[in-house]
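Student: For the sequence shown, full-length UniProt numbering begins at 1 and goes up steadily by one. Where a beta carbon is used, it is the ideal one built from N, C-alpha and C, also for glycine. If you're wondering where the values come from, they're calculated on a predicted model, not measured in any experiment. Quick one: the structure is below, questions incoming.
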Amino acid sequence: MKKVYRLQSRTAEKRQHFGIRRLKVGVASIAISASVFLVGNVLAQAEEANSVENTSIETVQPTSPTSEQSDKVEVTNHQAVVSEKSENQEQASSSLLVTPSVDNSSRTASTEESSTEKLDLTQAHSVRENTPASTTDSSTKVQSTEKETAQAAEEKTATKPVEKVASDATPAKEDKIEEGSIRLHFKTLPSENLASLGLWTWDDVETPSSQKGSWPTGATSFSMAKKDDYGYYLDVKMAQKRSKISLLINNTAGTNLTGDKTIELLSPNMNEVWFDKDCNLYTYEPLKEGMVRINYYRTDGNYDKKSLWLWGDVENPSKNWPDGVDFEKTGKYGRYVDVPLKDAAKAIGFLLLDESKSGDDVKIQPQDYNLTNLKKNSQIFLRDADPNIYTNPYFVNDIRMTGAQHVSLTEIEATFSTLENAKKEDILKNLKITDKDSKEVVVKDIVLDPKTKKAKIIGDFGQLQAPYTVKYGNDQFKISMNWQLKDSLYKYDGELGARVSQKGTKVDVTFWSPSAYQVDLVVYDKNDQNKVVGKVAMTKGEAGTWRTSLTSQTNLGIKDYHGYFYHYEITRGDKKVLALDPYAKSLAAWNSEDAEKGESYKIAKAAFVDPSELGPKNLTYANIPGFKSREDAVIYETHVRDFTSDAAISKDLKYQFGTFSAFVEKLDYLKELGVTHIQLLPVLSYYFVNELKNAERLDKYVSSNSNYNWGYDPQNYFSLTGMYSTNPTDPAKRIEEFKNLVHEIHKRGMGVIMDVVYNHTAKTSIFEDLEPNYYHFMDADGTPRTSFGGGRLGTTHYMSRRVLVDSIKYLTSEYKVDGFRFDMMGDHDAESIQKAYEEAKKLNPNLVMLGEGWKTYAGDENKPVQPADQSWMKSTDTVGVFSDDIRNTLKSGYPNEGAPAFITGGKRNVEDVFKNIKAQPTNFEADDPGDVIQYIAAHDNLTLFDVIAQSIKKDPAIAANNQEIHRRLRLGNLMVLTSQGTPFLHSGQEYGRTKQFRDPAYKYPVSEDKVPNKSHLLTNADGTPFEYPYFIHDSYDSSDAVNHFDWTKATNGDKFPENTKSRDYVKGLIALRKSTDAFTRKTKAEVDQNVTLITQPGKDGVEKEDTVLGYQVVASNGDIYAVFVNADNKERKFNFGEAYKHLANAQVVADGNTAGVTAISNPAGVTLGADGVTLAPLTATILRIQKNSKPNQEKPKEEQNQTKPSTPKGESGQTTTSSTQSNTSASQTQQQQAGAGKADKTLPSTGTTISIAGVLAGIGLLLSSVVVLKKKK
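Structure (structure tokens):
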């Protein structure tokens, strides 16, 4: 029977609620008030004492050679597609090491780690912190997800004991290679930090990494690697049909450490490859330098009297003919002889002998064998009397053609397995090209490029005689025009798609498909999208276009085309496909569950609509108060359905939950929070969903197979999804409702940012059916490159770039949106993103653009360009990228989520933290603060609240733990909102949103087969699981129960005082940020001049790596702000020194509980003195000196922008309030702060600090009431 841990019953969280009701004026009220005041103080201190708790941070199978020559695939080393990080960062990535050995004896056997688990944070975390194995992610579902995207982990948290474990590892005996798998051997790895390394695979593998997760999270962790006498090895399951496998080694920061490697599968028996210390790839185990092994395989198995006669640069050349060196040793490839070489050997010669014979017959092969490429071939392979020397054990010739493309009217480009040592005359001799009529075409010249393994074949290859067939040896390809040739012949700048005019009585349709033989427009009934009304033949026009016009005279019986649906039926040869118009402006209701029903169901149907007729007539761009440039933005990311799917607000909503219209009803919350821009997760049409069931509530806890989607599987780049419409069957309704949402957001002084996903599609066929081998980035052989199960949109291709740019222009012009967030923007070329920005900026001068700049660019093979990734930031000031550096530094990141980071007790390099605050990350160069999106949470991975709970290993079900998590959460939000650059918040980050799986059946750990998809099992420091221990990351397939925005937690201070306190804290920080330009400097020069580090490492007790930070910022009007953060679990003092002594006279505008624009007279956990400021554990403060204020003058009363918390009641029962005015002198304030600070020296302390003076005052008031009572009697 499987053993399952159950938590001991816990005492329910106690909250004492005190409230003094309005009583008649009299003695009774005075006595009661005094008693409550006194008892409240005592209880508050008792509760605080009980909650004192310091954060605890623990620190080969033989293969039979075959004479059959299969499709060759040789190992090739491609140039890296991802730029390398700086040297310092690469050193940092070596500091965390994880071993696969974990003691599971005390855990449930049902949650053991699968050996095929992908790169996952819990593998690293469980060993690092000596956590039982059931804390690992047991998710097995594979689905495309965002993204990141990409998104990278902090790797500076290694502990020496872990490194010692790894260093003690001993080589293990190799396991048998499973059928259909290939074993990858690595002599060395880029880092000893195994958990920081991942194997990213694609092409002919069973499950590409991109289907396991976004870059770099889908990689298989090297913590799963095993060791043998050669080094480390991992096994990879191959696809059934396979010819090549591509791979690279990345790290958790998203850096490609090895460049792309391609394994060309030379034989069906091929199941092993080896990488040497320089990551060069071999089909055999490479030997040490100075040696070459000559393997000899005989079909008859008879090696008697068989020998080698040697000469050349060998240590021991043969002397007594024909007494050669016998093949005595047996290996996996037959018999072999190891031949020692001379120093700097260049060439050797040898003969195969059969010493049982005499005369010339002694030579098995009469001609000499000569080997010159000794550096790259430490083993060679001979077979029977074959005169060839093979460099692989599968006896496949090295030079083979692997693909070809028609690139221009005078050139064909052929790709080879290798061209090293190839001779032009030999290639020409074996090369033959024929046209469509099988007539041979004269090759005028050929240009070989060994580096790219390409051959340019020059000749007359006119369009009329295409397609051509290229043959080299046994390899033959019928080639098509590649994208460059199509661009030169067919690029088109005119209108595309369907344009409805004349009140629906006319529709003009234009479609681009130069390779189509015929295109017909299939029209479907507006009331039944599956009923065909009729077909209309389209006419071929200029530049590969097809056209038609529909009117009332068209033989369809339709007078008004509004709301009717259509497909393109494309004919090529004897094949017909139905395709979706890529420029469709709306769609029929979509249900992906019907896709298997037939051709007309596999893709959505476009709709005839005129968007200009729909929605508010006065829709225009946002006018955001105080917004002048991107640094002024405060971006709030949210999902349309999540925002109103909370069942608790169902009675409050007029419109259907989860829709654009319902979203409008809750907009005032975001206006009051103070954000400037609302970023909506993708609202354009996505594939995997049933829009017809969008009104069904998903209130059960489920994390897979839900009718829910984030939208990162795009189907169309112009049409909105029907999932957020109150009527998905009406193609006009979604347009009307989205426009109204944009209008309502604009009315409240906020902007709209659309999350767009041009980097990949849901299905490769979406664009491949339109024009084969064009719209996507291509491999060298013309095969479309894929990502997340769909095609990578090739934005360097003219018409593909048009799709992206035209879409951005249309969305900006038609919907009047104010910005775009590009998913996996690093997959795009910078030129396309820049062009899209420029075109949209012409329409909306206040446009904001940002994207995921992870270094993931693949592009067209062997055609490097500048990607739109983090490396682009040093040369552009138009588009910003997310900083994984600040994310990982402050709270950790995938796959090491939960590893202690700055706000969770992990010491970090103080100067590096400060650089991130300045919007100058350590892992990429940003020449402008607006280049950097400052964030610590987004839709990917665990929520901020959940990752803090995982990191400190404290169950939030316990009140004191919940308080501590919120204190750390407030630290993180303060640091983001006081950073230079553009701050970014994920929905619910302000109140502590969680995605805890609170199904009663999952209150305790369950067997492995029942573990929720995409879940982490969280445990306390002692290894016991949390109550409800499963927390969902990447919840793109989870139900509303997991994903909903919790309105009760966000707004009900009586039930959730810590949540509302954290929300008000963010509200106050936003108000403070918007009240000054101190935190929104516009240039790097301004930042460097006005933002300075106070906490210098090596001084005043600050270590090089620490959990404290202090910095000063100066506004353009001379106002001074100082931010101090104590993320330590003990009290810390920050000395001002001579340079910052002016801060002694500053106002406190943020403390542990409150933030805003008005001074706090009695700050919690903050003691401001003449020589410095002392902060309680897990406390931050912001000090302000206004240019025109005097230290000793009376401070003004509550300012208009002051954010006043909604008086949440603290856990002690004392109502938590912040002062809204300061009427004391600076010296008096300091005395009060000193008194307050002394009581706040331990962790955690989250309520208002109560001093001894307060207790005495209560006693005095009680005694006075007794006196009054006696007099009255």
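Would you identify the three-state DSSP class for Phe395, choosing helix, strand or coil?
Tutor: Position 395 of the sequence shown holds residue 395. Phe395 falls in the coil class under three-state DSSP.
Student: From Ala1150 to Ser1015, what does the alpha carbon distance come to, in whole angstroms?
Tutor: Locating residue 1150 in the sequence shown gives position 1150, where the first residue counts as 1. Locating residue 1015 in the sequence shown gives position 1015, where the first residue counts as 1. Ala1150 and Ser1015: Cα-Cα distance of roughly 36 Å.
Student: Give the single residue among Gly403, Ile558, Asp278, Met723 whose Cα lies nearest to the Cα of Gly711.
Tutor: Taking the first residue of the sequence shown as position 1, residue 711 is located at position 711. Comparing Cα-Cα distances from Gly711 to each of Gly403, Ile558, Asp278, Met723, the minimum goes to Met723.
Student: Exposed or buried, Ser661, counting other C-beta atoms within 10 Å across all chains shown (16 or more means buried)?
Tutor: Position 661 of the sequence shown, counting from 1, holds the residue named residue 661. Classification of Ser661: buried, given that the 10 Å Cβ count is 16 or more.
Student: Can the beta-carbon of Ile182 be found less than 9 Å from the beta-carbon of Asp235?
Tutor: For this step, residue 182 is matched to residue 182 along the sequence shown. For this step, residue 235 is matched to residue 235 along the sequence shown. Result yes, Cβ atoms of Ile182 and Asp235 sit closer than 9 Å.
Student: Assuming Pro682 and Val757 make a contact with CB atoms under 8 Å, what is their CB distance in whole Å?
Tutor: Here residue 682 refers to the residue found at position 682 when the sequence shown is read from its first residue. Here residue 757 refers to the residue found at position 757 when the sequence shown is read from its first residue. Right, their Cβ atoms sit about 6 Å apart.
Student: Could you tell me the alpha carbon to alpha carbon distance between Thr978 and Pro867, rounded to whole angstroms?
Tutor: For this step, residue 978 is matched to residue 978 along the sequence shown. For this step, residue 867 is matched to residue 867 along the sequence shown. Roughly 30 Å between the two C-alpha positions.
Student: Can you tell me whether Tyr1121 is buried or exposed, with buried defined as 16 or more other CB within 10 angstroms of its CB?
Tutor: Start at 1 with the first residue of the sequence shown, and residue 1121 comes out as number 1121. Buried, because 16 or more other Cβ atoms sit within 10 Å of the Cβ of Tyr1121.
Student: From Asp437 to Thr188, what distance separates their C-alpha atoms?
Tutor: Mapped onto the sequence shown, residue 437 falls at position 437. Mapped onto the sequence shown, residue 188 falls at position 188. One C-alpha to the other measures close to 53 Å.
Student: Around the Cβ of Ala455, are there at least 16 other Cβ atoms within 10 angstroms (buried) or fewer (exposed)?
Tutor: Here residue 455 refers to the residue found at position 455 when the sequence shown is read from its first residue. By the 10 Å Cβ count, Ala455 comes out buried.
Student: How is Ala836 classed by DSSP in three states: helix, strand or coil?
Tutor: Numbered from 1 along the sequence shown, position 836 holds the residue referred to as residue 836. Ala836: helix per DSSP, three-state reduction.
Student: Between the Cα of Thr878 and those of Ala830, Thr922, Ile903, Gly906, spot the shortest distance and give me the residue it belongs to.
Tutor: Mapped onto the sequence shown, residue 878 falls at position 878. With distances taken between Cα atoms, Thr878 lies closest to Ala830.
Student: Would you mind reading off the limits of the beta strand (DSSP E) that contains Glu672?
Tutor: Taking the sequence shown and counting its residues from 1, the one referred to as residue 672 is at position 672. Segment 667–673 is the alpha helix (DSSP H) holding Glu672; no beta strand (DSSP E) there.
Student: Would you list, in sequence order, the uninterrupted beta strand (DSSP E) runs of no fewer than 3 residues that lie entirely inside the region 596–650?
Tutor: Counting whole runs of 3 or more residues, the region 596–650 contains the beta strand (DSSP E) stretches 635–638.
Student: Which same chain residues end up closer than 7 Å to Asp338 when comparing Cβ atoms and leaving out the 5 residues on each side of it in sequence?
Tutor: Along the sequence shown, one-based indexing puts residue 338 at 338. Met291, Arg293, listed in sequence order.
Student: Rounded to whole angstroms, how far is the Cβ of Phe914 from the Cβ of Tyr815, which I believe are closer than 8 Å?
Tutor: Here residue 914 is taken as the residue at index 914 of the sequence shown, counted from 1. Here residue 815 is taken as the residue at index 815 of the sequence shown, counted from 1. Contact doesn't hold; Cβ gap of about 40 Å is too wide.
Student: Just grab the DSSP bridge partners of Leu353 for me.
Tutor: What you label residue 353 is simply residue 353 of the sequence shown in a count that begins at 1. Ser307, Lys363, per the DSSP bridge assignment.
Student: Could you tell me which residues DSSP pairs with Phe945 in its beta bridges?
Tutor: Your numbering for residue 945 matches position 945 in the sequence shown. Note: Phe945 sits in no beta bridge, so no partner.
Student: Hey, is Gly598 close to the ligand SAM, as in C-beta under 8 Å from one of its heavy atoms?
Tutor: Only the bare structure without any ligand can be found here, which leaves the ligand SAM out of the picture.
Student: Tell me whether the beta-carbon of Phe997 lies closer than 9 Å to the beta-carbon of Tyr1036.
Tutor: To locate residue 997, count along the sequence shown from 1; it is residue 997. To locate residue 1036, count along the sequence shown from 1; it is residue 1036. No. Outside cutoff.
Student: Just to confirm the assignment, what range does the alpha helix (DSSP H) spanning Thr812 have?
Tutor: Start at 1 with the first residue of the sequence shown, and residue 812 comes out as number 812. Run containing Thr812: 798–815, per the alpha helix (DSSP H) assignment.
Student: Under the rule that 16 or more other beta-carbon atoms within 10 Å means buried, what is Trp321, buried or exposed?
Tutor: On the sequence shown, position 321 is the one that residue 321 refers to. So Trp321 ends up on the exposed side.
Student: For Asn844, name the three-state secondary structure that DSSP assigns.
Tutor: Within the sequence shown, residue 844 is the residue found at index 844, counting from 1. Here Asn844 sits in coil by DSSP.
Student: Provide the residue span of the beta strand (DSSP E) that contains Arg970, from first to last.
Tutor: To locate residue 970, count along the sequence shown from 1; it is residue 970. Element bounds for Arg970: not the beta strand (DSSP E) but the alpha helix (DSSP H), 959–977.
Student: Nearest-angstrom Cα distance between His966 and Ala1176?
Tutor: Within the sequence shown, numbered from 1, the residue matching residue 966 stands at position 966. Within the sequence shown, numbered from 1, the residue matching residue 1176 stands at position 1176. Each residue's alpha carbon lies about 15 Å from the other.
Student: Could you compute how far the alpha carbon of Val1148 sits from the alpha carbon of His1142?
Tutor: Indexing the sequence shown from 1 puts residue 1148 at position 1148. Indexing the sequence shown from 1 puts residue 1142 at position 1142. The straight-line gap from Cα to Cα measures roughly 13 Å.
Student: Which stretch, first to last residue, makes up the alpha helix (DSSP H) that contains Val913?
Tutor: The residue labelled residue 913 in the question sits at position 913 within the sequence shown. Its alpha helix (DSSP H) spans residues 910–917.
Student: Kindly indicate which residue of Val803, Arg335, Ala732, Ala1180 has the alpha-carbon position closest to the one of Ala1164.
Tutor: Within the sequence shown, the letter at position 1164 stands for residue 1164. Residue Ala1180 is the option with its Cα nearest to Ala1164.
Student: To the nearest angstrom, report how far apart residue 1279 and Thr545 are at their CA atoms.
Tutor: With the chain represented from 1 up to 1273, any question about residue 1279 goes unanswered, as that position is not in the structure.
Student: So who's on the other strand from Gln518, going by DSSP bridges?
Tutor: Sequence index remark: in the sequence shown, residue 518 carries index 518 (1-based). Per DSSP, Thr571.
Student: If you draw a straight line from the alpha carbon of Asn269 to that of Ile263, how long is it in whole angstroms?
Tutor: Numbered from its first residue, the sequence shown carries residue 269 at position 269. Numbered from its first residue, the sequence shown carries residue 263 at position 263. Those two C-alpha atoms are separated by around 14 Å.
Student: Given Lys747, which residues of its chain have a CB within under 7 Å of its CB, disregarding the five upstream and five downstream residues?
Tutor: Taking the sequence shown and counting its residues from 1, one reaches residue 747 at position 747. Same-chain partners within the cutoff: there are none.
Student: Using a Cβ-Cβ cut-off of 6 Å (strictly less than) and excluding sequence neighbours within five positions of Arg22, which residues of its own chain qualify?
Tutor: What you label residue 22 is simply residue 22 of the sequence shown in a count that begins at 1. Below a pLDDT of 50, predicted positions are generally treated as unreliable, and Arg22, at 33, falls in that range; the measurement from the model is reported next regardless. The answer is none, since no qualifying residue turns up.
Student: Could you please give me the residues that DSSP links to Lys244 through a beta bridge?
Tutor: By one-based count along the sequence shown, residue 244 stands at place 244. Bridge partners of Lys244: Glu264.
Student: Identify whether Gln1232 lies in helix, strand or coil by the three-state DSSP scheme.
Tutor: Taking the sequence shown and counting its residues from 1, the one referred to as residue 1232 is at position 1232. Reliability fails at Gln1232, whose pLDDT of 38 lies under 50, so the model's placement of it is uncertain and the value that follows must be treated cautiously. The answer is helix: DSSP assigns Gln1232 an H, G or I state.
Student: Using the DSSP secondary-structure output, state which residues sit across from Asp829 in a beta bridge.
Tutor: In the sequence shown, the residue the question calls residue 829 occupies position 829. For Asp829, which the question treats as bridged, DSSP gives the partners Pro867.
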